[in-house]
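Going by the UniProt record's numbering, the sequence shown opens with residue 1, and the numbers climb by one from there.
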Amino acid sequence: MDRRDIISSLPEAINCHILSFLPTKEAASTSFLSKKWRYLFAFVPNLDLDYSVYLNPMNKLDNSTSFMDFVDRVLALQGNSPLHKFSLKVRDGVDPVRITSWIHSVLERGVSDLDLHLDFESEYLLPSEVYLSKTLVSLKLYFGLYPTFDAEDVHLPKLKTLHIESVHFEKHGMRLTKLLSGCHILEDLVLNDISWFIWDFASVSSPTLKRVTFSWQERDEFPKSVSFDTPNLVYLKFTDTVAGKYPKVNFDSLVEPHIDLCLLEPLLIDYHEGYGENDMVGNATDFLMRLCNVKTLYLSPNTLQVLTYSCDAIPLFNNLSQLTIESDPTVGWQSLPGLLKNSPNLETLIFKGLIHKATDRCGDVCLCKPHEEGEEIRSCLSSSPVKVIKIREFGAFSDDMEKQIKYFLETMPNLEKMMFYYKPPSFEDFIEVAGGLKSLFSKVASSKCVLRLILSQRVPLPVRSLTS
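This is the structure:
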């Protein structure tokens, strides 16, 4: 039996489900196969419409018209049939009036998943009906020119997922408060590349949120006040400048935070020129202290600086079992000794790179501070409960890196496993690094410790002659 006949013989519901996974342009082409397929396409529950498929730099106007006519025909063909997902990706050249009519059409059909990527050089405001939908479960919005969020009324009773990128919230973040207050069962919130005006005095309050991701435009002022009242939040990925104060931070259920807090760059430069830490604006103590119950913690190089210069004390992490530290050649490890001492149940320590800025304040977790040969080094690592160290993205195997690894091995008595995730340029390089690591086992603090070198990418094996 011909393959097309096999597919045609499947139940209509299955064929319709298969079509829903295709880009709409390809799914629509099946309507030319027969009357049956034309009928099936009319009931496809997912529409994925991407203007870039039609874009021809030599003939923009004609292709934008062709795209708009195609969308009109698709929506007309489907009529009022139920719609699950509508994804639209457009840019300049597509008529905003027609976009608004398409959005109205899918809202009237009860769409539950709306994904709009509107990359315009002029401001486009969504129709207010988007924020009053009784059927939307997922709403994802990308704007190209930071339009102002100006919805006066928000009522999204079924919305669980909200992603917004490149938008500006006015009135000191009150518009964000209004948006969240209208989403009564929201669980997943993503705000990426948001205009910094939002955070003058901002409060994120939701008893239902479980996952939150924030990232902001680069700013030259610090936010005055930031509050979180999110008692059921489990996952947080947060990128921002340290605020002046954190009046309320409720992370009672938080398990896994990824924190990238940074200091204002000019102030950071002033500090290193000798102005003193009193010149640092903002204090992250109240925010970081509320992370004390987490089990998994990721800290960026920026956050390590914040812990050093803008935090009154290192929090006590009694429940922390896994800590990830991202290293940077321009940032020291000054706060790392305090982190390790205040993590009494830490089992896994992950480094994204080992190379960091050498300072005399990194304490005894590294060899930045010179020591006399043969001098006994008393290290906080000797009392560390860490059983596993994972080193990712460590790049070339340098002498400094070899010394640091050797130092870990010689000072950590509870270490059972050290794992390296390596992307070698060749198989020969992989063998060379493996041999170098093996040579470090001459002196170890833990007899149970094993080293594992893991390939992070496939490399071609050397071709050997059959006669060799």
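By construction, the Cβ of each residue, glycine as well, lies at the ideal position given by its N, Cα and C atoms.
For clarity, every value in this text was computed on a predicted model and none was experimentally measured.
Checklist entry - Which residues share a DSSP beta bridge with proline 257? => result Leu236
Item to check | Check whether isoleucine 431 and methionine 401 have beta carbons under 8 Å apart | outcome: no
Checklist entry - Given 8 Å as the limit, is there contact between the region 293-303 and the region 250-267, that is, 3 or more CB pairs closer than that? => result yes
Item to check | Residue range of the beta strand (DSSP E) that includes histidine 163 | outcome: 161-165
Item to check | Buried versus exposed, by CB contacts within 10 Å (16 or more), phenylalanine 441 | outcome: exposed
Item to check | Pairwise C-alpha distance: serine 122 and valine 97 | outcome: 13 Å
Item to check | Continuous beta strand (DSSP E) assignments of at least 3 residues falling wholly in the region 384-457 | outcome: 388-392, 417-422 and 450-455
Checklist entry - Looking at the unbroken beta strand (DSSP E) that takes in glutamine 322, where does it start and where does it end? => result 322-326
Item to check | Segment contact flag, the region 326-338 with the region 287-296, C-beta cutoff 8 Å, min 3 pairs | outcome: no
Checklist entry - Per DSSP, alanine 202 forms a beta bridge with which residues? => result Val226
Checklist entry - Which residue's Cα is closest to the Cα of lysine 417: Val444, Asp150 and Leu451? => result Leu451
Next on the checklist: As a quick exercise: from Asp188, Phe394, Ser205 and Arg211, pick the residue whose alpha carbon is nearest that of arginine 175.
Outcome noted: Ser205
Item to check | Nearest residue (CA-CA) to glutamate 410, options His84, Val444, Glu347 and Lys403 | outcome: Val444
Checklist entry - Run through DSSP, which three-state label would aspartate 286 get? => result helix
Next on the checklist: Taking the beta strand (DSSP E) that threonine 308 belongs to, which residues open and close that run?
Outcome noted: Counting along the chain, threonine 308 falls outside any beta strand (DSSP E), though it belongs to the alpha helix (DSSP H) covering 301-309.
Checklist entry - Near residue 478, which residues of its chain fall below 7 Å by C-beta distance, leaving aside the five closest residues on each side in sequence? => result The first residue shown for the chain is 1 and the last is 468, placing residue 478 beyond what the model contains.
Checklist entry - Where do the N-terminal and C-terminal ends of the alpha helix (DSSP H) with isoleucine 355 fall, by residue? => result Looking at the DSSP string, isoleucine 355 is not in any alpha helix (DSSP H), and its letter there is neither H nor E.
Item to check | First through last residue of the beta strand (DSSP E) which encompasses threonine 177 | outcome: No beta strand (DSSP E) holds threonine 177; the alpha helix (DSSP H) holding it covers 174-181.
Checklist entry - If leucine 107 sits next to leucine 139, beta carbons under 8 Å apart, how far is it from one beta carbon to the other, in whole angstroms? => result Not a contact, Cβ separation roughly 11 Å.
Next on the checklist: Going by beta-carbon coordinates alone, are valine 212 and leucine 189 separated by less than 8 Å?
Outcome noted: yes
Item to check | Paired residues, beta bridge with cysteine 262 - DSSP | outcome: Thr241
Item to check | Residues that tyrosine 298 bridges to, as DSSP identifies them | outcome: His258 and Thr324
Next on the checklist: Tell me which residues share the same chain as valine 255 and place their Cβ nearer than 8 Å to its Cβ, disregarding the 5 neighbours each side in the sequence.
Outcome noted: Val234, Tyr235, Val294, Lys295 and Thr296
Checklist entry - Alpha carbon to alpha carbon, what distance is there between glycine 435 and proline 425? => result 16 Å
Next on the checklist: Please report the straight-line C-alpha distance between tyrosine 407 and leucine 145, rounded to a whole angstrom.
Outcome noted: 51 Å
Next on the checklist: What residue range does the alpha helix (DSSP H) around lysine 341 cover?
Outcome noted: 336-341
Checklist entry - Should proline 82 be labelled buried (16 or more other beta-carbon atoms within 10 Å of its own) or exposed? => result exposed
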